[in-house]
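Novice: The numbers in the UniProt record's numbering rise by one with no breaks, and the one at position 77 of the sequence shown is 77.
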Amino acid sequence: MKTYSSGRSGIREEILERRKGSNYFERIERGASDSKGDLSVNFSTITPKKPNSALRKVARVRLTSGFEITAYIPGIGHNLQEHSVVLVRGGRVKDLPGVRYHI
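What follows is the structure in structure tokens.
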């Protein structure tokens, strides 16, 4: 027999599914293959996973769909500033956990 709290798990998603359709979250995440975003959050450097050693440049980007993602800034040096408008494409960075997009 379920406990009260385990029976209620996922209730918010069920309500949203009923209200907006079953693939609501999938539609938001898919969007276009390229998405426009505004660099309104911050820049930082992340150290990669184990055998590698570096300071990789990443940025938190707020997309026009409202999502906030972490995107990798490739190349040597960049001229991005806060509130720059950027085009974000898919493609993860293998040695940076959680970075699934490129600017």
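Cβ atoms here follow ideal geometry from the backbone N, Cα and C, with glycine treated the same way.
Take R99 as the anchor and find which of V85, Q81, G77, E68 has the nearest alpha-carbon.
Specialist: It is Val, not Arg, that sits at residue 99 in the sequence shown. With distances taken between Cα atoms, V99 lies closest to E68.
Novice: Pop quiz: residue 108 and P97 are said to be a contact at Cβ under 8 Å. What is the actual Cβ separation, rounded to whole angstroms?
Specialist: Outside the displayed range of the chain (1 to 103) lies residue 108, so it cannot be described from this structure.
Novice: Would you identify the three-state DSSP class for I15, choosing helix, strand or coil?
Specialist: Here I15 sits in helix by DSSP.
Novice: Quick one: is G37 buried, meaning 16 or more other Cβ sit within 10 Å of its Cβ, or exposed?
Specialist: Flag for G37 reads buried.
Novice: Start and end of the beta strand (DSSP E) containing A54?
Specialist: Unbroken run through A54: none, as it is neither H nor E.
Novice: Identify which residue in L63, E14, L80, S53 has its Cα closest to the Cα of F43.
Specialist: Closest by alpha carbon: L80.
Novice: Have a look at G90 and T3 and give me their C-alpha separation to the nearest angstrom.
Specialist: Cα-Cα distance, rounded: 41 Å.
Novice: Since I believe V85 is in contact with V61 (beta carbons under 8 Å), could you give me their beta-carbon distance rounded to a whole number of angstroms?
Specialist: Going by Cβ atoms, the distance from V61 to V85 rounds to 10 Å, so no, they are not a contact pair.
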